[in-house]
Amino acid sequence: MREFEYLRMNTLQEACSLLSEYKDEAKVLAGGQSLLTLLKLNMISPSYLIDIKFIPELNYMDFDEKEGLKMGALTTHRTVEKSPLLKEKFTVLPETELVVASVQTRNWGTIGGTLVHADPIGDIAPPLIVLDSRVKLISADGERTVPLAEFFVDFFMTVVEENELLCEIQIPALPAHTGVAYQKFSTIEAGIKIAGAAAMVSLDDGLCKDAKIALSAVAPVPMRALKAEEILKGKPLDDRLIEQAAQAAAAEADPVTDMHATDEYRRELVKVLVKRAAKMALERARAS
Amino acid sequence: MAEYRVVGKGIPRKDGIEKVTGEAKYTFDVTLPGMLYAKILRSVQAHARIVNIDTSEAEKLPGVRAVITGKDTQGMKFGFVDTPRYPAEQPVIAEEKVRFIGESVAAVAAVDEDTANKALDLIEVEYEPIPATFDPEEAMKEGAPQIHGEQVPAPGRKCAWQDWGVARAARSYNPVNNIGAAVNISYGDSEKGFSEADYIRDDTWVIPRTNHACMEPHGAVASYHPLTGHLDLWLSHMGFELKRYWISKTLEIPISKLRVHKTFIGGAFGGKAQVFDHEIIAAFLSRKLGKPVKLILPRDEVFTSTNNSIALKVNVRKGVKKDGTIVAQHVKLISDMGAYRGSVPVCLFLCHSMRDSIYNIPNLTHEGVGVYTNKSTTMAKRGHGSQQMTTAIESQMDWIAEDLGLNPVEFRLKNLRKKGDVLANRDTLNSFGLPDCVKKAVEASNWKEKRGKLGPGHGIGLAVSSMFNGSGYWPFTAGSIVRMNHDGTVTLYMGQAEFGQGPTTTTCQLVAEELGLEVEDVNLIDGDSELCQFDYNNFLSGGMFVSCKACLVAAQDLRQQVLKVAAEMLEEDAEDLNMLERRVYIKEDPEEGVAFDEILRYSIQKHGGDPLIGKGFCKPVPEIEFYPSLSKGSGRWTDAYSFTAAVAEVSVDAETGRTKVEHIWVGDDCGREINPLICEGQLQSQAVMGMGDALFEDVMFSEGRTINANFVDYEIPRAFDIPEITIIDASDPDPNGPFGAKEIGECARAAVIGSIVNAVYDATKVKVDSLPLHPEKIFRGLQEKAKV
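Put into structure tokens, the structure is as follows:
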């Protein structure tokens, strides 16, 4: 590990101003569950580590039926897992957290940090994508919001500019008769993910009004399976159609072979996981 | 069964409070005044000549105190095996060439770790790569790159076995086509046996390296005193004897000037048994600089530069009669040794001897080779050879049963040896709880209602294993002293190291039982080479049967002395006396007696100052003089065997191939349970570890580089992966064990692996030929089956 200067921030403004000064010489620490590993492995070697973990204005969770959910970037995985509000409004998120690594890691890591880290095997991005989430980015020059589906650029790369911070995650309230589910596959419980899939299904009068499918660990970025979604939209859903969508999603995926699995196996898993997630989402939509 | 006061009670571990409160001091926690920190530069080449090493820039860095290379340690060789046939061949620091990625090339001592690390970056090593070989079967072919030349010991060098006085005359072994070790054991007439068989099956398994995954990484603190020539050591280890012997031998420091201090040890599992380059390097640097030196390995170096378990390709050919009687077995092994022998020559032999106590096979041939490859070295891991063989043999037992329409339980029971059987090497099965292990595990798991009846995707499997209770190995004895204290308590000196297996508690139970004391009345001094006696330690699971027994014998000696003095004081015969609660009383009249402190004072006053010291010792396999032959398997191996029968129930996701273990039942024969709580802990940990081997674990290489040298990519079971585990005591106390006890720390892991392998087959009917049972392998197998 190279030497770096550790800078602890107390306000958002302070963090933004330092980021515009140091730009790519700095890395933002928002917990450290991923960043510290990269530092130890010498995969990154910043000169400055800007620690935002103690900025109080980045730690909150607000919900109203109109605006939906607004969650500060420093919300930890454990907070999401345990939140009664999320358990009621966005059940899939606390459910997903149960398979995110271990309790220790969930206590440590933050949602904002995880998203900016942009590891394609991350668990929380796919359900957030199918929930139509947006993220708010802030810098000394202003702020903007970006749909999460357009947030990821490549392995460990996002649209976040070097002077920007991810400060908020926004999730619109779920429409009526909507179900969401996430499925993960790993060899050991909560281990390295080999493939993951999230599905959202909205029903209207027995037909699929809207559907979203997001995959992870099977492409350089968490990705939407758009063709699979099209197969479902506007139709009465049944097992056969879901099977077709799952096949389409597997074809859309762009997995690689690594020490944990081959690309062919990952594609096969996409079929299974999309099928299971979509069926579960459908059941939930019907029940809601 | 005799009733005991302390033996057989599940009292909490004596070392538990220190461990859970963080008070326990591990090697890492040792800090000495003026201490320096050392780091090792590791080879990035799998096979290369070292053209030049330029250390000048590193030496100039402020804070650097020394930089050493193979030139400084020229000629120092170490190894787990060092016989005339297999002389130790691993250099402390690579000399003219490197043979694996991770081999030590240079080392630095500096004022802190960061400076040491920076200095490593400044060392320039010029390599000239040599073609490397990574696959043992490729390495065995004519024309493959040769990793070692002729292994001629330096003139005048005595090998360890000669130092120990147990060497058989033999010429040193000349590796041809990288074959660096060989075993060939046979009895009966295999050819005839196979000709009489009605059915022959031939199966091959490939078992990869797995990591010991100790919580505490390897490390050493060495402190050399220039004025006296003494070397103090704190190590993460399994026993001080082998470490101090090898550090003494390589550095030529008299063994009596070398002290290994007691440390807490965060797991070993066989992987910390041998001496390591980093330990010798720490000691070398400390002597060179006259300062204490700390050298702790980071986790990736534990994976790449110490050792993993032994990789084996196991081919088993078995001949049986129609009725299921086994008549012949022929085993062929190929071990992917890595760049140095490690413990492979021992493992090849243990693969046979660990299983020979299980089934009665009249005609047997067991042959194997260890092949050098440009990979890290390999070593014992909890069961040393047993699990590789058990996987191959126990899965084949099920497949034979299926082919012949036999019940797999009955098929095993029919072929089991019997209590009292004498093996070909003259080992005798004085205790043999295995049939009971099988019956109880089968009953507890409700096997009969489940096997073949659980429906698709669900299965149940059984496997059996066995384990030595110590064997002939340095220093071939364990000694102990139990001393009476002023207040009538005792102090016990035990050499055995506590690395989780429990002797700091169980030995005190043995001694307390013998002397009528409470466990709290036994003060323990342990794991210190200067304070304690010679100790055989725990090698090949001799902890209870050899080391703990020596402590019991010392307590028996003290008991006799105390009774003799008390008899004199009470004017009674010693036979009419007994002891309890720090006093000796008359059996017929328990109110009449004398307290231990009075007895001690009396002894000192009337017996020329005799302060009452009990002495005990125990030799593994007492009646033999020599180490068993590794290559021929002749000679006695051990004095008793432990046994396990494990049953596993699994479910397999038909769509993904992923296995979930639902329940493991472990029926175990460890002789008498001295402490059921510790026994349960040992068996649970073996069940979990075995599950890791069966399903997840595989140290993976790419061109000789370990690609998953961390606990993110190398996945081991965690708390939420652990299934329900039921422990079943099926013990047959052994007449030679302390209170009938045998080992409990190693036997079960192999049986658990086998039981999971068999359960997955029962659930899927997919035949896999390598571990671990990764979901993708099962998925492919299920796809193949669907096509047919």
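Protein chains in written order, with the numbering used here: chain E, 21 to 308; chain Z, -17 to 770.
Ideal placement from N, C-alpha and C gives every residue a C-beta, glycine not left out.
Task: E:Ser122: contacting residues in chain Z (beta-carbon distance under 9 Å) - done: One-based indexing of the first sequence puts residue 122 of chain E at position 102. In chain order: Arg700, Ala701 and Phe702.
TODO: Within the same chain, show all residues whose beta-carbon is closer than 6 Å to that of Z:Ile698, passing over the 5 residues directly before and after it, in chain order.
DONE: Position 716 of the second sequence, counting from 1, holds the residue named residue 698 of chain Z. Correct list, in chain order: Ala195 and Gly674.
Task: E:Val100: first and last residue of the uninterrupted beta strand (DSSP E) it sits in - done: Taking the first sequence and counting its residues from 1, the one referred to as residue 100 of chain E is at position 80. Residue range His97 to Lys102 is occupied by the alpha helix (DSSP H) that includes E:Val100, with no beta strand (DSSP E) assigned at that position.
TODO: Indicate whether at least one CB of chain E lies closer than 8 Å to the CB of Z:Asn290.
DONE: What you label residue 290 of chain Z is simply residue 308 of the second sequence in a count that begins at 1. Output row for Z:Asn290: interface = no.
- [ ] Spatial neighbours of E:Asp283 within its chain, please: CB distance less than 8 Å, with the 5 preceding and 5 following residues excluded, ordered by chain position.
- [x] As a first step, residue 283 of chain E must be located in the first sequence, where it is residue number 263. Excluding positions up to five away in sequence, the list reads Pro275, Val276 and Thr277.
Task: CB contact flag (E:Ala231, E:Glu249, <8 Å) - done: Along the first sequence, read from residue 1 onward, the residue named residue 231 of chain E stands at position 211. Along the first sequence, read from residue 1 onward, the residue named residue 249 of chain E stands at position 229. For E:Ala231 and E:Glu249, yes; Cβs fall inside 8 Å.
Task: Distance between E:Tyr80 and E:Thr31 (C-alpha atoms, nearest Å) - done: For the purposes of this step, residue 31 of chain E is taken as the residue at position 11 of the first sequence. For the purposes of this step, residue 80 of chain E is taken as the residue at position 60 of the first sequence. Cα to Cα, E:Thr31 sits roughly 15 Å from E:Tyr80.
Open item on the list: Are the CB atoms of Z:Lys357 and Z:Phe116 within a distance shorter than 8 Å?
Closed with: The count along the second sequence starts at 1 and reaches residue 116 of chain Z at position 134. The count along the second sequence starts at 1 and reaches residue 357 of chain Z at position 375. Remark: C-beta atoms of Z:Phe116 and Z:Lys357 approach each other more closely than 8 Å.
Open item on the list: Any beta carbon from chain Z within less than 8 Å of E:Leu289's own beta carbon?
Closed with: If you number the first sequence from 1, residue 289 of chain E lands on position 269. By the rule that beta-carbons nearer than 8 Å mark a contact, E:Leu289 touches chain Z.
- [ ] Compile a chain-ordered list of the residues in the region 195 to 216 of chain E whose CB is closer than 7 Å to at least one CB of chain Z.
- [x] Flagged, chain order: Phe205, Thr207, Ile208, Glu209, Ala210, Gly211 and Ile212.
Task: Cα-Cα separation between Z:Ala225 and Z:Ala151, rounded to whole angstroms - done: Along the second sequence, one-based indexing puts residue 225 of chain Z at 243. Along the second sequence, one-based indexing puts residue 151 of chain Z at 169. Correcting the residue identity first, residue 225 of chain Z is Lys in this sequence and not Ala. Taking the straight line joining both Cα atoms gives about 25 Å.
Open item on the list: Please confirm whether E:Thr282 has its beta-carbon closer than 8 Å to some beta-carbon of chain Z.
Closed with: Here residue 282 of chain E is taken as the residue at index 262 of the first sequence, counted from 1. Chain Z, which has a Cβ nearer than 8 Å to the Cβ of E:Thr282, makes this yes.
Open item on the list: Considering only the alpha carbon of each residue, which of Z:Arg565, Z:Ile262 and Z:Ala204 lies closest to Z:Pro859?
Closed with: Absent from the structure is residue 859 of chain Z, since the part of chain Z shown begins at -17 and ends at 770.
TODO: Would you kindly work out how many angstroms separate the C-alpha atoms of Z:Ser713 and Z:Thr355, rounded to a whole number?
DONE: Taking the first residue of the second sequence as position 1, residue 713 of chain Z is located at position 731. Taking the first residue of the second sequence as position 1, residue 355 of chain Z is located at position 373. Roughly 42 Å between the two C-alpha positions.
Open item on the list: Could you compute how far the alpha carbon of Z:Ala121 sits from the alpha carbon of E:Asp71?
Closed with: For the purposes of this step, residue 121 of chain Z is taken as residue 139 along the second sequence, with counting starting at 1. For the purposes of this step, residue 71 of chain E is taken as residue 51 along the first sequence, with counting starting at 1. Per the coordinates, the alpha-carbon of Z:Ala121 lies some 52 Å from the alpha-carbon of E:Asp71.
Open item on the list: On the CB-based measure, 16 or more other CB atoms within 10 Å of its CB, does E:Glu288 come out buried or exposed?
Closed with: Position 268 of the first sequence, counted from the first residue, corresponds to residue 288 of chain E. Buried, because 16 or more other Cβ atoms sit within 10 Å of the Cβ of E:Glu288.
TODO: Kindly indicate the opening and closing residues of the alpha helix (DSSP H) around Z:Ala536.
DONE: Stepping through the second sequence from its first residue, residue 536 of chain Z is reached at position 554. Element bounds for Z:Ala536: Lys531 to Leu552.
TODO: Please check if any C-beta of chain Z sits within less than 8 Å of the C-beta of E:Tyr26.
DONE: Numbered from 1 along the first sequence, position 6 holds the residue referred to as residue 26 of chain E. When Cβ-Cβ separations below 8 Å define contact, E:Tyr26 makes no contact with chain Z.
Task: Residues of its chain near E:Ile64, where Cβ-Cβ distance is below 8 Å and the 5 sequence neighbours each way are ignored - done: As a position in the first sequence, residue 64 of chain E is number 44, starting the count at 1. Here the set comprises Lys47, Leu55 and Leu58.
Task: Coarse secondary structure for Z:Ile660, derived from DSSP in three states - done: Your numbering for residue 660 of chain Z matches position 678 in the second sequence. In the structure shown, Z:Ile660 sits in a helix (DSSP, three-state: H, G or I).
Task: Z:Gly350 and Z:Ser325 closer than 8 Å at C-beta - done: Working through the second sequence from its first residue, we reach residue 350 of chain Z at position 368. Working through the second sequence from its first residue, we reach residue 325 of chain Z at position 343. It is not a contact, given that the beta carbons lie outside the stated cut-off.
TODO: Give the DSSP-derived three-state secondary structure of E:Asn127 in the structure shown.
DONE: Within the first sequence, the letter at position 107 stands for residue 127 of chain E. If DSSP states are grouped into helix, strand and coil, E:Asn127 belongs with the helices.
Task: beta strand (DSSP E) segment containing Z:Tyr475, residue limits - done: For the purposes of this step, residue 475 of chain Z is taken as residue 493 along the second sequence, with counting starting at 1. Residues Val472 to Met476.
Open item on the list: So within the region 481 to 540 of chain Z, which uninterrupted beta strand (DSSP E) runs reach at least 3 residues, ignoring any that extend past its ends?
Closed with: Those beta strand (DSSP E) runs which fall completely within the region 481 to 540 of chain Z and span 3+ residues are 504 to 508.
Task: Coil, strand or helix - Z:Pro34 by DSSP - done: Translated into positions along the second sequence, residue 34 of chain Z becomes position 52. The question names Pro, yet the displayed sequence has Asn at residue 34 of chain Z. In this structure, Z:Asn34 counts as strand in the three-state DSSP scheme.
Open item on the list: If I measure Cβ to Cβ from Z:Val257 and keep anything under 6 Å in the same chain, skipping five residues before and after, which residues do I get?
Closed with: Position 275 of the second sequence, counted from the start, is the residue given in the question as residue 257 of chain Z. Around Z:Val257: Phe60, Lys225 and Trp228.
Task: Sequence ranges, alpha helix (DSSP H) only - wholly within the region 347 to 398 of chain Z, length at least 4 - done: Within the region 347 to 398 of chain Z, the complete alpha helix (DSSP H) runs of at least 4 residues fall at 368 to 386 and 390 to 397.
- [ ] Report the option in Z:Ala202, Z:Thr688, Z:Ile263 and Z:His589 whose CA atom is closest to the CA atom of Z:Thr232.
- [x] Position 250 of the second sequence, counted from the start, is the residue given in the question as residue 232 of chain Z. Nearest to Z:Thr232 by C-alpha distance, out of Z:Ala202, Z:Thr688, Z:Ile263 and Z:His589, is Z:Ile263.
Open item on the list: Going by DSSP, what residue range makes up the alpha helix (DSSP H) through Z:Thr708?
Closed with: Walking along the second sequence from the start, residue 708 of chain Z turns up at place 726. Premise fails: Z:Thr708 lies in the beta strand (DSSP E), Glu706 to Asp711, not in any alpha helix (DSSP H).
Open item on the list: I need the boundaries of the alpha helix (DSSP H) containing Z:Pro757, first residue and last residue.
Closed with: In the second sequence, the residue the question calls residue 757 of chain Z occupies position 775. For Z:Pro757, the uninterrupted alpha helix (DSSP H) run begins and ends at Pro757 to Lys769, by DSSP.
Task: Residue nearest to E:Val290 in terms of C-alpha spacing, selected from E:Thr125, E:Ala266 and E:Ile212 - done: Walking along the first sequence from the start, residue 290 of chain E turns up at place 270. Of the residues E:Thr125, E:Ala266 and E:Ile212, the one whose Cα lies closest to the Cα of E:Val290 is E:Ala266.
Task: Short Cβ contact (8 Å threshold) for Z:Leu492 with Z:Cys530 - done: The residue labelled residue 492 of chain Z in the question sits at position 510 within the second sequence. The residue labelled residue 530 of chain Z in the question sits at position 548 within the second sequence. Yes.
TODO: Counting only the same chain and skipping the five closest in sequence on each side, list residues whose C-beta sits under 7 Å from that of E:Gly254.
DONE: What you label residue 254 of chain E is simply residue 234 of the first sequence in a count that begins at 1. So the qualifying residues of the chain are Leu227 and Cys228.
Open item on the list: Restricting to Cα atoms, I'd like to know which of Z:His366, Z:Asp744, Z:Arg654 and Z:Asp36 is closest to Z:Ser413.
Closed with: Counting from one through the second sequence, the residue named residue 413 of chain Z turns up at place 431. Selected option, being the one with the closest Cα: Z:Arg654.
TODO: Answer with buried or exposed for Z:Gly402, where buried requires no fewer than 16 other C-beta atoms within 10 angstroms of its C-beta.
DONE: Residue mapping note: residue 402 of chain Z aligns to position 420 of the second sequence, counting from 1. Classification of Z:Gly402: exposed, given that the 10 Å Cβ count is below 16.
Open item on the list: Can you look up Z:Phe721 in the DSSP assignment and give me helix, strand or coil?
Closed with: Here residue 721 of chain Z corresponds to residue number 739 of the second sequence, with the count starting at 1. Helix.
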